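Colleague:
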Ligand code: URP
Ligand code: ZN
Ligand code: ZN
Ligand code: ZN
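Residue numbers (full-length UniProt numbering): 2 to 484.
#1: State the start and end residues of the unbroken alpha helix (DSSP H) segment that holds residue 305.
#2: For the pair the segment 443 to 457 and the segment 93 to 107, tell me if three or more CB-CB distances fall below 8 Å.
#3: Any idea what DSSP makes of residue 74, helix, strand or coil?
#4: How far does the alpha helix (DSSP H) with residue 224 in it reach, from first residue to last?
#5: For residue 425 versus residue 65, is the C-beta spacing smaller than 8 Å?
#6: Using a Cβ-Cβ cutoff of less than 7 Å, which residues in the same chain neighbour residue 27 once the five nearest sequence positions on both sides are dropped?
#7: Name the residue from 35, 70, 8 and 25 whose alpha carbon lies nearest to the alpha carbon of residue 347.
#8: Candidates 220, 259, 150 and 264: which alpha carbon is nearest residue 247's?
#9: Whole angstroms is fine: what's the gap from residue 282's alpha carbon to residue 207's?
#10: Once DSSP output is grouped into helix, strand and coil, what is the label at residue 61?
#11: In this structure, does DSSP put residue 267 in helix, strand or coil?
#12: Using the DSSP secondary-structure output, state which residues sit across from residue 284 in a beta bridge.
#13: Considering only heavy atoms of ligand 1, does any lie closer than 7 Å to the CB of residue 127?
#14: Using the rule of at least 16 other Cβ atoms within 10 Å of the residue's Cβ for burial, across every protein chain shown, is residue 486 buried or exposed?
#15: Less than 8 Å between the beta carbons of residue 395 and residue 345, yes or no?
#16: Okay, do the segment 36 to 55 and the segment 308 to 328 touch, 3+ Cβ pairs below 8 Å being the bar?
#17: Quick check: what's the CA-CA separation for residue 58 versus residue 204?
#18: So does the segment 114 to 134 actually touch the segment 76 to 96, counting three or more Cβ pairs closer than 8 Å?
#19: Roughly how many angstroms lie between the CA atoms of residue 236 and residue 307, to the nearest whole one?
#20: Run the CB neighbour count on residue 181, radius 10 Å, all protein chains shown included, and call it buried at 16 or more, exposed below.
#21: Could you round the C-beta distance between residue 51 and residue 12 to whole angstroms and report it? I think they count as a contact, below 8 Å.
#22: Nearer than 7 Å: is that true of the beta carbon of residue 63 relative to any heavy atom of ligand 3?
#23: To the nearest angstrom, how far is the alpha carbon of residue 351 from that of residue 481?
#24: Ends of the alpha helix (DSSP H) at residue 196?
#25: Check whether the Cβ atoms of residue 188 and residue 223 lie closer than 8 Å to each other.
#26: Tell me, please, which residues DSSP counts as bridged to residue 445.
#27: Consider the C-beta atom of residue 211 and the heavy atoms of ligand 2; say whether any pair is separated by less than 7 Å.
#28: Given 7 Å as the limit, tell me if residue 321 has its C-beta closer than that to any heavy atom belonging to ligand 3.
#29: Hey, out of 476, 464 and 421, whose CA is closest to residue 118's CA?
#30: Would you mind reading off the limits of the beta strand (DSSP E) that contains residue 292?
#31: At a threshold of 7 Å, does residue 485 count as lining ligand 1 (C-beta to nearest heavy atom)?
#32: Report the rounded CA-to-CA distance for residue 56 versus residue 414, giving the unit in angstroms.
#33: What does DSSP give as the partner residue(s) for residue 109 in the beta ladder?
#34: Since residue 1 is in the beta strand (DSSP E), which residue starts that stretch and which ends it?
#35: Looking at C-beta atoms only, is the number of pairs between the segment 417 to 424 and the segment 374 to 381 that lie closer than 8 Å three or more?
#36: For residue 381, which three-state DSSP category applies?
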């Protein structure tokens, strides 16, 4: 037969189009899109009446990342990518994290070993630059960009990761010169340290005080500073995990000045709030399940994030999947059952629930349209990180990565519970939410990896994706605009 797989009568939605057609797949790629495709295939699936979107591209997730506090990420590349696939994601961009005093290349080699033989969907790596020495910015990063590692994440907080402003500038200058993208974790480290000390001195140590130690001013100031540094160097950046109004306002202000500032948000800022870190009389650690940074804010801030999604302010929605178990001694409780908030690992799971939550609460409730959904969750992350059009769309020549959706009528929603998820984390912060949609079928490079509740993919069948440069290198003098 001519094709390996034909998906018939698909109601295809991309960032720009919506139409019904058959999709012909051969050797992992989309070879034909036509109405009434006159061909046969080894396997045919009828998608009549069902919505089909590009496989999700999760531009921000953490798998199997070494930690410095004795805790352990609940997901490695097998369980993490399995969970992604079952939630409709076909490409992930986790991080290869440099350690201070070590080379970036060492981190890259280490993460390839962690992913190989495990990943079930395709993956690329962002580089966490934790030690921006001259050798790193002048030699290592340019060489790594050449090899397909074209995006960096840098931190303005966390003692073992943070860069000072000068180091941030050096990384941004490298990104500009070589056409890479820089993601910035924007929180003011000294403010957090001082607030934390005040809280602990006052005996305010419960999980909920994590929020008090990182109020919006902390994120707003760092966001503004990151924008200013990017403006000085004259290069685009992405502000990751934007949590609420005040950071949104900074980005809005920057956009108004014509600055190329991209922004990411995550489901936790749409569906969780500071109250979720509150005290459960039966389990003081309960709130730890929703500890992440920046912390979830309140309902009014959730609305600001929704507005930013529909208005075009945000470029992408990622999961920031950073799973730690609630039970056991190597997760959220690594420092004990009554550890102060500052000793609880930061991060929450969400690689599988990202698309269903946004489809259900966003598209099906009319907050964003289907094209915007595709753009935020697949097309834009692929573009931003040099994977488009291989990833992030449904088009002839693109990889055959797509999702066929099950949509449930009102009153017959799917009750979300951790039992149905495929990560190795022992909880989901979204337990009990009612979902109007879930991927019924996920196809990754032509392989059916998830169908009717069954996961089926060989560990190691995912491929490493070298990324293209997201834009042209710029050898010009960044000072020109200031002279
Ligand atoms: O709390 C979070 N988000 N942990 C994951 C690491 C990060 O900063 O993205
Ligand atoms: Zn971060
Ligand atoms: Zn993260
Ligand atoms: Zn539309």
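Heads up, the beta-carbon is just placed ideally off N, CA and C, and yes, glycines get one too. Predicted, not measured: the structure shown is a model, and the values here were computed from it.
Modeller: Working from what's here:
#1: 300 to 312
#2: no
#3: coil
#4: 217 to 234
#5: no
#6: 4 and 5
#7: 70
#8: 220
#9: 12 Å
#10: coil
#11: coil
#12: 281
#13: no
#14: Nothing about residue 486 can be reported from this structure: the residues present for the chain run from 2 to 484 only.
#15: no
#16: no
#17: 43 Å
#18: yes
#19: 27 Å
#20: buried
#21: 6 Å
#22: yes
#23: 43 Å
#24: 190 to 202
#25: yes
#26: 448
#27: no
#28: yes
#29: 464
#30: Where residue 292 is concerned, there is no enclosing beta strand (DSSP E), given that its DSSP letter is neither H nor E.
#31: Only positions 2 to 484 of the chain appear in the structure, and residue 485 is not among them; the question remains open.
#32: 22 Å
#33: In DSSP, residue 109 forms no bridge with anything.
#34: Nothing about residue 1 can be reported from this structure: the residues present for the chain run from 2 to 484 only.
#35: no
#36: helix
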